[in-house]
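S.K.: Right, I'll just put the structure down here and ask away after.
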Amino acid sequence: MSFNNNARLDSSRVSDRRGKGKGIAVGGGLGGGLLLILSLFFGSDVIDGLGLSDGSGVAAGQAQSESIDTCLNGEDANERLDCRILGTAESLDSFWAPYLDGYGLTYTEPGVVLFTDRTSTGCGSATSAVGPFYCPADEQTYYDTAFFSDLVTNYGSSGGPLAQEYVVAHEFGHHIQQITGSSAGRNADPQGAESASVRTELQADCYAGLWARHAADQPAPGSDVPFLAPFTETDISDALSAASAIGDDRIQASATGQVNPESWTHGSSAQRQAWFLAGYNDGGSLETCDTFSASDLSNP
Numbered sequence: 001m002s003f004n005n006n007a008r009l010d011s012s013r014v015s016d017r018r019g020k021g022k023g024i025a026v027g028g029g030l031g032g033g034l035l036l037i038l039s040l041f042f043g044s045d046v047i048d049g050l051g052l053s054d055g056s057g058v059a060a061g062q063a064q065s066e067s068i069d070t071c072l073n074g075e076d077a078n079e080r081l082d083c084r085i086l087g088t089a090e091s092l093d094s095f096w097a098p099y100l101d102g103y104g105l106t107y108t109e110p111g112v113v114l115f116t117d118r119t120s121t122g123c124g125s126a127t128s129a130v131g132p133f134y135c136p137a138d139e140q141t142y143y144d145t146a147f148f149s150d151l152v153t154n155y156g157s158s159g160g161p162l163a164q165e166y167v168v169a170h171e172f173g174h175h176i177q178q179i180t181g182s183s184a185g186r187n188a189d190p191q192g193a194e195s196a197s198v199r200t201e202l203q204a205d206c207y208a209g210l211w212a213r214h215a216a217d218q219p220a221p222g223s224d225v226p227f228l229a230p231f232t233e234t235d236i237s238d239a240l241s242a243a244s245a246i247g248d249d250r251i252q253a254s255a256t257g258q259v260n261p262e263s264w265t266h267g268s269s270a271q272r273q274a275w276f277l278a279g280y281n282d283g284g285s286l287e288t289c290d291t292f293s294a295s296d297l298s299n300p
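Using UniProt numbering, read the sequence shown as starting at 1 and increasing by one per residue.
Below, the structure is given as C-alpha cells:
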C-alpha cells in the first residue's frame with residue numbers, strides 16, 4: 001500500500017522522543033528481537049533486571065537522522081518509516097471518528113510516541129523489548145522504530161508497507177477497545193488459548209482489518225485526497241505476513257522449539273490472520289469483531 005503523494009501530514013500528531021530519553025543499548029550480541037521474545041516469556045521487568053545495557057543510550061542502527069517535523073506529505077510517508085507511522089495514525093483517525101459516531105461513540109485520538117530503547121509512560125517505564133504497545137493509563141501508543149526491522153529479520157515478515165501499518169492499526173485497535181470497554185476483563189484472564197487476553201488481541205487484529213477495508217476511501221481532513229491508495233493483493237499478503245510472524249505459536253517455536261497454548265497471550269499465527277481478514281472482508285460492523293462471543297477463535 002502506498003500513500004498518495006499529495007496527502008498532507010500534520011507532524012504535530014506524533015510525539016518524537018527518539019534520542020531524548022535514557023536508553024538501554026542492546027549490547028553483547030543480544031538483538032532486540034531476542035529481547036522481545038524473552039520479555040514475552042518472562043516480562044519486561046525481568047529483562048530490565050538483567051542489565052543488558054552499555055549505557056550509551058542508542059542501539060546500533062537506531063540513530064535518528066531526521067525529525068518528524070520534516071514529514072510533510074504522502075511522498076515522505078512512502079520513503080520514511082517514521083513518516084509512515086504518522087500518516088497511518090492520521091488515516092486511522094479519519095476512519096475511526098466517523099465510524100464510531102455511527103455507534104453513538106465519541107472517538108478520541110490516542111497519542112503516538114516514537115522513542116529509542118526506553119521511555120516513560122503512564123503504565124511505567126518501558127523498553128523496546130516489549131515491542132509496540134498501547135498504554136490505557138495515558139491512552140498513548142508507543143513505537144521504537146527498530147522493531148519493524150526485527151519484524152523482518154527475526155520473525156520473517158515480508159516487511160512491506162501494510163505490514164508496518166497493520167502494527168500501528170493493531171495498537172489503535174486497543175484504544176478502540178478502551179472507548180467501547182470491550183477489554184475490561186483482560187487482566188483477570190491473562191493467559192491461555194481461550195483467554196480474555198487472546199480474545200482482546202484478536203479483536204485488535206480485527207479492528208485493524210476494519211480500518212484496512214476503508215483506508216483508501218478516507219480523505220485527509222480538509223482535502224478530497226485520501227491518505228492511502230487502493231490496496232493490492234501484495235499489500236494484503238504483507239499484512240497477513242506480519243500477523244503470522246507475531247503469533248504466539250510461531251514465537252514460542254522459534255524461541256524454545258515447543259508450543260504451549262496454555263501460556264498464549266496474543267493468539268496463534270493462523271488466528272491473527274483469520275481475524276484481520278474477518279474485519280477486512282466484512283468491513284461493516286463492530287459486531288464482526290466480537291471475539292469475546294466467538295466459540296471458535298480459529299474460525300471467525
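Every residue, glycine too, gets a C-beta built ideally from N, C-alpha and C.
Residues in the same chain with beta-carbon distance under 7 Å from Gly-284, minus the five sequence neighbours each way, listed in chain order, please.
M.R.: none
S.K.: Among residues of its own chain, excluding the 5 on either side of Thr-200, which ones have a beta-carbon nearer than 8 Å to its beta-carbon?
M.R.: His-174, Gln-177, Ser-182, Ser-183, Arg-186, Thr-291
S.K.: State the Cα-Cα distance for the pair Leu-81 and Ser-295, rounded to the nearest angstrom.
M.R.: Roughly 38 Å separates the two Cα atoms.
S.K.: Mind the definition here: the stretch 160-167 touches the stretch 142-151 only if three or more C-beta pairs lie below 8 Å; say whether that holds.
M.R.: yes
S.K.: Mark Tyr-103 as exposed unless 16 or more other C-beta atoms lie within 10 angstroms of its C-beta, in which case mark it buried.
M.R.: exposed
S.K.: Buried or exposed: which applies to Pro-190, given that a residue is buried once 16 or more other Cβ atoms fall within 10 Å of its Cβ?
M.R.: exposed
S.K.: With DSSP collapsed to three states, give me the class of Gly-111.
M.R.: strand
S.K.: Given Val-225, which residues of its chain have a CB within under 7 Å of its CB, disregarding the five upstream and five downstream residues?
M.R.: Cβ contact annotation for Val-225 (same chain, cutoff 7 Å, sequence separation greater than five): Asn-4, Asn-6, Ala-7, Pro-219, in chain order.
S.K.: So, at 6 Å on beta carbons, what are the nonlocal neighbours of Asn-281 in its own chain, with the 5 sequence-adjacent residues on each side left out?
M.R.: Once the five neighbours on either side are set aside, Asn-281 has no close Cβ partner at all.
S.K.: Could you give the first and the last residue of the continuous beta strand (DSSP E) run that contains Gln-271?
M.R.: Here Gln-271 belongs to no beta strand (DSSP E); instead the alpha helix (DSSP H) covers 269-282.
S.K.: Using the Cβ count rule (16 or more neighbours within 10 Å means buried), how would you classify Pro-72?
M.R.: Correcting the residue identity first, residue 72 is Leu in this sequence and not Pro. It counts as exposed.
S.K.: Does DSSP put Tyr-142 in a helix, a strand or coil?
M.R.: Tyr-142: strand per DSSP, three-state reduction.
S.K.: My guess is that Phe-133 and Gly-209 are in contact by the Cβ rule of under 8 Å, so how many angstroms apart are they, rounded?
M.R.: Rounded, the Cβ-Cβ distance is 20 Å, inconsistent with contact.
S.K.: Would you say Gly-209 lies against chain C (beta-carbon separation less than 8 Å)?
M.R.: Annotation note: the requested chain C is absent from the structure, which comprises a single protein chain.
S.K.: Let me make sure I understand the geometry here. Which of Ser-128, Ala-278, Leu-162 has the alpha-carbon closest to that of Pro-230?
M.R.: Leu-162
S.K.: With a 10 Å radius around its C-beta and 16 neighbouring C-beta atoms as the bar for buried, classify Gly-222 as buried or exposed.
M.R.: exposed
S.K.: Restricting to Cα atoms, I'd like to know which of Ala-137, Pro-136, Leu-114, Glu-139 is closest to Thr-127.
M.R.: The option with the nearest alpha carbon to Thr-127 is Leu-114.
S.K.: Just the C-alpha distance for Val-259 and Thr-70, rounded to the nearest angstrom, thanks.
M.R.: Linking Val-259 to Thr-70 through their CA atoms gives a straight-line distance of about 44 Å.
S.K.: Please classify Thr-234 as buried or exposed, where buried requires at least 16 neighbouring CB atoms within 10 angstroms.
M.R.: It counts as exposed.
S.K.: Identify every residue that forms a DSSP beta bridge with Cys-135.
M.R.: Gln-140
S.K.: Quick one: complete alpha helix (DSSP H) runs, 4+ long, within the UniProt region "Disordered" (1-20)?
M.R.: none
S.K.: Just the Cα atoms here: how many angstroms apart are Thr-106 and Phe-172?
M.R.: 15 Å
S.K.: Classify Gly-74 as buried or exposed, calling it buried when 16 or more other Cβ atoms lie within 10 Å of its own Cβ.
M.R.: Around the beta-carbon of Gly-74, 16 or more other beta-carbon atoms lie within 10 Å, marking it buried.
S.K.: Have a look at the DSSP bridge pairing and note the partners of Pro-226.
M.R.: Pro-219
S.K.: So, for Ala-196: in the same chain, excluding its five sequence neighbours on each side, which residues have a beta-carbon less than 6 Å away from its beta-carbon?
M.R.: Gly-185, Arg-186, Asp-189
S.K.: Leaving out five residues before and five after Ala-216 in sequence, what residues of the same chain have Cβ atoms less than 7 Å from its Cβ?
M.R.: Pro-226, Leu-228, Ala-229, Pro-230, Phe-231
S.K.: In chain order, what are the residue ranges of uninterrupted alpha helix (DSSP H) at least 4 long that sit wholly in the stretch 174-257?
M.R.: 196-214, 233-245, 248-256, all fully within the stretch 174-257.
S.K.: Is it buried or exposed for Gly-87, if we count other Cβ within 10 angstroms and need 16 for buried?
M.R.: Label assigned to Gly-87: buried.
S.K.: Going by DSSP, what residue range makes up the beta strand (DSSP E) through Asp-125?
M.R.: Just to set this straight, residue 125 is Ser in the shown sequence, not Asp. Ser-125 -> beta strand (DSSP E) spans 124-127.
S.K.: Would you grab the beta carbon distance between Leu-151 and Asp-76 for me? Rounded to a whole angstrom, and I think it's under 8 Å.
M.R.: Not quite, the Cβ-Cβ distance comes to about 21 Å (not below 8 Å), so this is no contact.
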